[in-house]
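Mapping to full-length UniProt numbering: the sequence shown position 345 is 345, numbers consecutive.
In what follows, a structure is listed as structure tokens, so that the remarks can point back to it.
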Amino acid sequence: MHLPLEAIQIADSGFVLAFTDATVFLERGSRGIVPCPLAKSRKISRENVDAMYWLYGSISNTAILISYFKGRVAPQNGIQEGVYDIDNEFNLIIENVTASNEGTYYFKLKPHLKMIQEGKVEVCDKVSPSRSYPTVNGCNQDHDTDTCEMRVRHDSTVHNLTCVTEQVKPAVELRWIHLFLGGKTELNASTSVWREVLPAYTGASLRNNTFSTSASVQVTTVNGVNEVFECKAIGAAVGDKGARMRVRVTKAHLTTVSHEEVQSDNPGTTLVWADKGTPTANKPAENAVYVNALEVGLIVALIFIAILCIRMVYSEKKCIKWSPAWERRPDAQVRAADDDQEMQPIKPKGSISEV
């Protein structure tokens, strides 16, 4: 890519070449590279450079972040090792990008036996969306991540579609497009953007001070026709290709059935949303549940009867074993004799047998 070049007259030092580059977006929480436009355009090797400095915010000595001098890279102004680095192409390396890294970076480069060259690069921190596609409220996502289905009443013609992209930076632009056979039409959507400020205790520092965008549109559909609309996100946060979500608006059909779902005007009948076929044919799972319940009930009843039978047989065997053991006891005959005597009638005195 060709970079603009400016020649600036500097007193007592001749001409100093100043290079500027387009804005660079670096992802928060990742390793970022601030490119050196001079090295990209001139392909200066490290061996031909005596010194190189990267600065932040201004060109004063106190703004120096890191330096390269005769083959040695060192942080400056009390900055710790491992925060910044300079690679072989004299790009500035930021090991962990944060929101505080946003701003203007300056560089000064001294080639061997040549004048100092300097330039600047604008850097913005970027926060990509957690999903690679916008979210459409009330839309059921298909197997494809960028398509979804919104089911509406068969007798409705006007529908509200709302698309949202949350917690990104910079804010994205959302557009609604009507797709049809042979072309497309961009719709006039109502858009709103708001800043997301998250409390520190949530631990979501990577998504703090970001932006959310929503776009709403009212569309009209024709009976019997499944319409297709597309929400498209545009901006640095979603990359050069952008992101999209396609929405299929389908209409459900009314069918009269006898099971309880939605009460109708006629007793004993109800109204149910269905695409095709009879409701009973569309609900084999419910019939299977009833059959399974009957089977479980029969199994439980059989188990209960079997347990009762086992207990009765066990009790009868116990009684049979107990009776012979009782008869074999030593005092059993004595008690039996006593019982016989007690049962004999008492004869009155003076009876014929006594005489």
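All C-beta atoms, glycine included, are put in the ideal place defined by N, C-alpha and C.
In this text the structure is predicted, and so the values were computed from the model without any measurement.
- request: Identify whether residue 294 lies in helix, strand or coil by the three-state DSSP scheme.
  value: Helix.
- request: Quick one: residues in its chain with C-beta nearer than 6 Å to the C-beta of residue 106, no 5 flanking neighbours on either side, listed in chain order?
  value: Excluding sequence neighbours, residue 106 sits near 55, 59, 120.
query: Would you call the CB atoms of residue 123 and residue 103 closer than 9 Å?
result: Yes; because the gap between Cβ atoms is below 9 Å, this pair is in contact.
field: For residue 201 and residue 68, the rounded distance between their alpha carbons
entry: About 40 Å.
message: Check for me: the beta strand (DSSP E) holding residue 160 runs from which residue to which?
response: Note, residue 160: beta strand (DSSP E), 158-168.
Same chain only: Cβ atoms within 6 Å of residue 28, ignoring 5 sequence neighbours per side: Hits under 6 Å: 97, 125, 127, 206.
query: Which word fits residue 139, buried or exposed, when buried means at least 16 other C-beta atoms lie within 10 angstroms of its C-beta?
result: Under a 10 Å Cβ-count criterion, residue 139 is classified as buried, with 16 or more other Cβ atoms of the shown protein chains found around its own Cβ.
message: Given this structure, state the Cα-to-Cα distance separating residue 117 from residue 91, to the nearest angstrom.
response: The alpha-carbon atoms of residue 117 and residue 91 are separated by roughly 15 Å.
message: Which same chain residues end up closer than 7 Å to residue 198 when comparing Cβ atoms and leaving out the 5 residues on each side of it in sequence?
response: Around residue 198: 204, 207, 208.
message: By alpha-carbon positions, which one of 176, 133, 160, 180 ends up nearest to residue 167?
response: It is 133 whose Cα lies nearest to the Cα of residue 167.
- request: Just tell me which of 228, 151, 46 has its CA closest to the CA of residue 89.
  value: Taking only the C-alpha atoms, the option nearest residue 89 is 46.
field: Nearest-angstrom Cα separation, counted from residue 87 out to residue 44
entry: Their backbone Cα atoms lie some 13 Å apart in a straight line.
- request: Label residue 235 either buried or exposed according to how many other C-beta atoms from any shown protein chain fall within 10 Å of its C-beta, with 16 as the threshold for buried.
  value: With 16 or more Cβ atoms within 10 Å of its Cβ, residue 235 is classed as buried.
- request: On the DSSP bridge assignment, give the partners of residue 25 in chain order.
  value: Looking at the DSSP assignment, residue 25 forms a beta bridge with 124.
query: Is the beta carbon of residue 216 less than 9 Å from the beta carbon of residue 163?
result: The answer is yes: Cβ separation under 9 Å.
- prompt: Under a three-way DSSP split, which group does residue 304 fall into?
  reply: In this structure, residue 304 counts as helix in the three-state DSSP scheme.
query: By a C-beta neighbour count over all protein chains shown, 10 Å radius and 16 as the cutoff for buried, is residue 84 buried or exposed?
result: By the 10 Å Cβ count, residue 84 comes out buried.
query: Which class does residue 140 belong to by DSSP, given the choice of helix, strand or coil?
result: Shown here, residue 140 sits in a strand according to DSSP, grouped into three states.
- request: Measure the Cβ-Cβ separation of residue 212 and residue 191 and say whether it is below 9 Å.
  value: It is not a contact, given that the beta carbons lie outside the stated cut-off.
Reduced DSSP category for residue 56 - H, G, I as helix; E, B as strand; rest coil: Of the three classes helix, strand and coil, the one that applies to residue 56 here is strand, per DSSP.
query: To which residues does DSSP link residue 152 through a beta bridge?
result: By DSSP's assignment, residue 152 forms a beta bridge with 251.
query: Between the beta-carbon of residue 178 and the beta-carbon of residue 228, is there less than 9 Å?
result: Cβ atoms of residue 178 and residue 228: closer than 9 Å.
task: Provide the residue span of the beta strand (DSSP E) that contains residue 195, from first to last.
output: Residues 190-196.
- prompt: If you draw a straight line from the alpha carbon of residue 146 to that of residue 137, how long is it in whole angstroms?
  reply: Each residue's alpha carbon lies about 14 Å from the other.
- request: State buried or exposed for residue 312, treating a residue as buried only when at least 16 other CB atoms are found within 10 Å of its CB.
  value: Label assigned to residue 312: exposed.
- prompt: Residues bridged to residue 49 by DSSP?
  reply: Within the DSSP secondary-structure output, residue 49 pairs in a beta bridge with 111.
message: Buried or exposed, going by whether 16 or more other CB atoms sit within 10 Å of the CB of residue 186?
response: Counting every other CB atom within 10 Å of its CB across the protein chains shown gives residue 186 a total below 16, marking it as exposed.
- request: Sort 218, 93, 245 by Cα distance to residue 34 and report the nearest one.
  value: It is 93.
- request: State yes or no: is the C-beta of residue 148 within less than 9 Å of the C-beta of residue 238?
  value: In terms of Cβ geometry, residue 148 and residue 238 do not form a close pair [threshold 9 Å].
message: Which residue marks the beginning of the beta strand (DSSP E) containing residue 66, and which one marks its end?
response: DSSP places residue 66 inside the beta strand (DSSP E), whose first and last residues are 64-69.
- request: Could you say which of 243, 113, 306 lies nearest to residue 173 if we only look at CA atoms?
  value: Residue 243 holds the alpha-carbon nearest to the alpha-carbon of residue 173 among 243, 113, 306.
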